[in-house]
Amino acid sequence: MSLLRQAFMKFWNLELYWKVFIGMGAGIIYALLLGEKAMNVAPLGDMFMRLLKMVIVPLIFFSITSGVAGIGENKSLGRLGAKTFGYYFLTSILAILIGLTLTNVIQPGIGVDINAGGKDFDPSSLSQPGSLGNILIRMIPTNPIAAAAQGDVLSVIFFSIVLGMAITVLPEKQYKIVHELFDTFFKVMMKMTQGVILFLPIGVFGLIAKAVASTGFTLFKAVGWYMVTIASGLTIHIFIVLPIVFFLFTKINPLKHFKAIASAMAAAFSTSSSGATLPITMDCIENRAGVSNKVTSFVLPLGATINMDGTALYECAGVLFISQALGFDLSFTQQLLIVITAFLASVGAAAIPSAGLVMIFIVLDAVGLGDHPQAAIIVGTMLAVDRPLDMFRTVVNVTSDTMGAVIIAKSEGEEVLTEV
Numbered sequence: 000m001s002l003l004r005q006a007f008m009k010f011w012n013l014e015l016y017w018k019v020f021i022g023m024g025a026g027i028i029y030a031l032l033l034g035e036k037a038m039n040v041a042p043l044g045d046m047f048m049r050l051l052k053m054v055i056v057p058l059i060f061f062s063i064t065s066g067v068a069g070i071g072e073n074k075s076l077g078r079l080g081a082k083t084f085g086y087y088f089l090t091s092i093l094a095i096l097i098g099l100t101l102t103n104v105i106q107p108g109i110g111v112d113i114n115a116g117g118k119d120f121d122p123s124s125l126s127q128p129g130s131l132g133n134i135l136i137r138m139i140p141t142n143p144i145a146a147a148a149q150g151d152v153l154s155v156i157f158f159s160i161v162l163g164m165a166i167t168v169l170p171e172k173q174y175k176i177v178h179e180l181f182d183t184f185f186k187v188m189m190k191m192t193q194g195v196i197l198f199l200p201i202g203v204f205g206l207i208a209k210a211v212a213s214t215g216f217t218l219f220k221a222v223g224w225y226m227v228t229i230a231s232g233l234t235i236h237i238f239i240v241l242p243i244v245f246f247l248f249t250k251i252n253p254l255k256h257f258k259a260i261a262s263a264m265a266a267a268f269s270t271s272s273s274g275a276t277l278p279i280t281m282d283c284i285e286n287r288a289g290v291s292n293k294v295t296s297f298v299l300p301l302g303a304t305i306n307m308d309g310t311a312l313y314e315c316a317g318v319l320f321i322s323q324a325l326g327f328d329l330s331f332t333q334q335l336l337i338v339i340t341a342f343l344a345s346v347g348a349a350a351i352p353s354a355g356l357v358m359i360f361i362v363l364d365a366v367g368l369g370d371h372p373q374a375a376i377i378v379g380t381m382l383a384v385d386r387p388l389d390m391f392r393t394v395v396n397v398t399s400d401t402m403g404a405v406i407i408a409k410s411e412g413e414e415v416l417t418e419v
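Under numbering that gives the first Met the number 0, the sequence shown has 26 at position 27, and the numbering climbs by one with no breaks.
Here it is, written out as structure tokens:
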């Protein structure tokens with residue numbers, strides 16, 4: 000009994016990604032040994048997926064409301080805020096378009112026959128937004144509480160943004176009380192999300208066993224190409240797109256910037272959390288890049304909350320991959336809906352490891368694939384290989400934040416990156 004307890008404690012003390020790999024391997028072995036009987040552990044994966052979906056609406060609501068309301072702490076920084084949001088929007092959209100293009104070109108999900116069990120799924124139920132105007136109209140909820148209850152996440156995001164903006168114009172005393180309340184609830188939801196993610200190895204075990212028992216190893220080949228697609232997109236964004244944007248706005252060699260933030264990039268890669276990396280990021284930008292505390296204290300905390308280029312790219316490409324694996328050819332308007340939803344979902348992603356996994360359900364729901372019976376199997380397989388991609392995504396997120404801080408500081412007339 001003591002040996003079993005020691006083995007359990009060793010497993011429990013492992014890093015999460017090692018637990019996930021062990022869960023994945025155990026799921027494969029279990030399915031190979033038991034064949035179709037391995038489906039008896041499928042409820043473990045289903046329960047984990049339900050736990051993930053459980054935290055989506057409250058996490059988004061409190062995350063976005065708290066983040067937008069936090070702008071009110073810098074009421075005198077209107078010009079700075081406009082520049083910051085403009086930069087965030089530009090780089091996030093560029094990242095999403097890279098993911099969209101690569102997934103359509105590489106088509107990692109084509110050729111996967113995983114729609115078994117989903118033959119009765121009606122393709123006409125997929126969302127047909129029609130036009131950008133219709134998408135925007137759908138985002139405005141007539142009843143925010145009903146939208147939350149029905150899981151209409153786009154409407155929840157819209158209401159959260161509007162509510163956060165309303166909080167910023169409250170008198171100072173009321174503002175502090177309300178903002179602190181929402182910030183506290185956001186921290187509670189982050190703790191809950193982290194708790195759910197602790198069950199990731201068990202969920203992966205159930206989902207992988209189900210995937211192997213029902214589809215064999217076909218899906219794993221497709222997931223390999225999916226990883227190539229995401230990694231290629233992140234590489235293009237961090238080493239080509241962001242440096243071009245940086246140089247165009249600052250006329251500074253991007254290599255000087257990469258040298259200045261090297262320790263922040265290393266911390267982002269190891270922690271997979273832009274929030275946990277924030278103190279190191281701020282130190283690099285202030286002490287090595289020479290950006291003022293005024294810009295740093297506004298741009299970087301806000302960026303760690305809402306500027307998630309890597310996450311936006313991942314969610315867009317991930318949903319297209321899932322639709323391809325399920326055999327659905329999404330129309331241009333549906334892909335346009337994915338672009339918008341991926342951007343908004345990245346805004347709502349918490350700055351903690353694997354938060355993007357939770358948010359991918361938002362984009363799936365937006366195009367009507369959230370309830371597909373086989374979607375969970377694909378997402379589960381994506382979960383199993385997500386750790387290295389999550390580490391890379393976080394580096395992209397943090398790099399984008401830091402480049403934004405330097406660009407905005409330069410636009411304010413500051414001398415930056417003079418000695419690195």
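Glycine residues also receive a C-beta, built at the ideal position from the N, C-alpha and C atoms.
Legend entry - Beta-carbon separation (whole angstroms), H256 vs A303, contact threshold 8 Å: Not confirmed; about 18 Å, so no contact.
Legend entry - Backbone CA spacing between K52 and I196 [nearest angstrom]: 12 Å
Legend entry - Three or more C-beta pairs below 8 Å linking the stretch 204-224 and the stretch 308-316: no
Inset, instruction - Would you mind stating whether A375 and D45 have Cβ atoms separated by less than 8 Å? - result: yes
Legend entry - Secondary structure, alpha helix (DSSP H): runs of 4+ residues fully inside the stretch 251-281: 253-259 and 261-270
Inset, instruction - Check whether the Cβ atoms of T167 and A324 lie closer than 8 Å to each other. - result: no
Inset, instruction - Determine the extent of the alpha helix (DSSP H) in which P42 is found, giving its start and end residues. - result: A41 to A68
Legend entry - Any chain C beta carbon closer than 8 Å to C283: Considering every chain present, this structure includes no chain C. It has just one protein chain.
Inset, instruction - Answer with buried or exposed for N396, where buried requires no fewer than 16 other C-beta atoms within 10 angstroms of its C-beta. - result: buried
Legend entry - Straight-line gap, I407 to L33 (C-alpha atoms, nearest Å): 58 Å
Inset, instruction - Counting only the same chain and skipping the five closest in sequence on each side, list residues whose C-beta sits under 6 Å from that of G26. - result: F204, I207 and A208
Inset, instruction - Give every residue of the same chain whose Cβ lies closer than 7 Å to the Cβ of K82, excluding the five residues on either side of it in the sequence, and list them in chain order. - result: I407 and S410
Legend entry - Endpoints, alpha helix (DSSP H) assigned at A230: T217 to I235
Legend entry - Span of the alpha helix (DSSP H), counted from its first residue to its last, around S399: D385 to S410
Inset, instruction - Please work out which residues of its chain come closer than 7 Å, Cβ to Cβ, to F20, disregarding the five sequence neighbours upstream and downstream, and give them in chain order. - result: none
Legend entry - Distance, F88 Cα to Q106 Cα: 26 Å
Legend entry - Sub-8 Å separation of S399 and N306 beta-carbons: yes
Legend entry - Within 8 Å, strictly: CB atoms of D389 and A94: no
Legend entry - Distance, V240 Cα to I229 Cα: 15 Å
Inset, instruction - Can you grab the Cα-Cα spacing for the pair L43 / E35, in whole Å? - result: 16 Å
Legend entry - Test item: CB-CB of T276 and A266 under 8 Å: yes
Inset, instruction - Indicate whether T295 and I284 have their beta-carbon atoms separated by less than 8 Å. - result: yes
Inset, instruction - Quick one: give me the first and last residue of the alpha helix (DSSP H) that V318 is part of. - result: D308 to A324
Legend entry - For G24, the nearest candidate out of T183, T380 and T192 (CA to CA): T380
Inset, instruction - Could you tell me how far apart the beta carbons of F320 and Y174 are, in whole angstroms, since I believe they sit closer than 8 Å? - result: The pair is not a contact, with the Cβ atoms about 42 Å apart (cut-off 8 Å).
Legend entry - Buried versus exposed call for Q373 [16 or more other C-beta atoms within 10 Å across all chains shown]: buried
Inset, instruction - Alpha carbon to alpha carbon, how far is H178 from L96? Give it in angstroms, no decimals. - result: 34 Å
Legend entry - Proximal residues to V155 (C-beta, below 8 Å), its chain only, five neighbours per side dropped: V56, I59, F60, P140, P143, A146 and A147
Inset, instruction - Could you pull the start and end residues of the alpha helix (DSSP H) that I305 belongs to? - result: N292 to I305
Inset, instruction - Report the three-state DSSP secondary structure of L183 (helix, strand or coil). - result: A quick correction: the sequence has Thr, not Leu, at residue 183. The answer is helix: DSSP assigns T183 an H, G or I state.
Inset, instruction - Starting from the C-beta of F184, find all residues in its chain whose C-beta is less than 6 Å away, skip the five residues before and the five after it, and write them out in chain order. - result: F61
Inset, instruction - Provide the residue span of the alpha helix (DSSP H) that contains A148, from first to last. - result: P143 to A148
Inset, instruction - Taking only the alpha-carbon atoms, compute the straight-line gap between N39 and V378 and give it to the nearest angstrom. - result: 19 Å
Inset, instruction - Quick one: using the 10 Å Cβ neighbour count with 16 as the cut-off for buried, is A341 buried or exposed? - result: buried
Legend entry - Cβ-based burial, L363 [other Cβ within 10 Å; buried from 16]: buried
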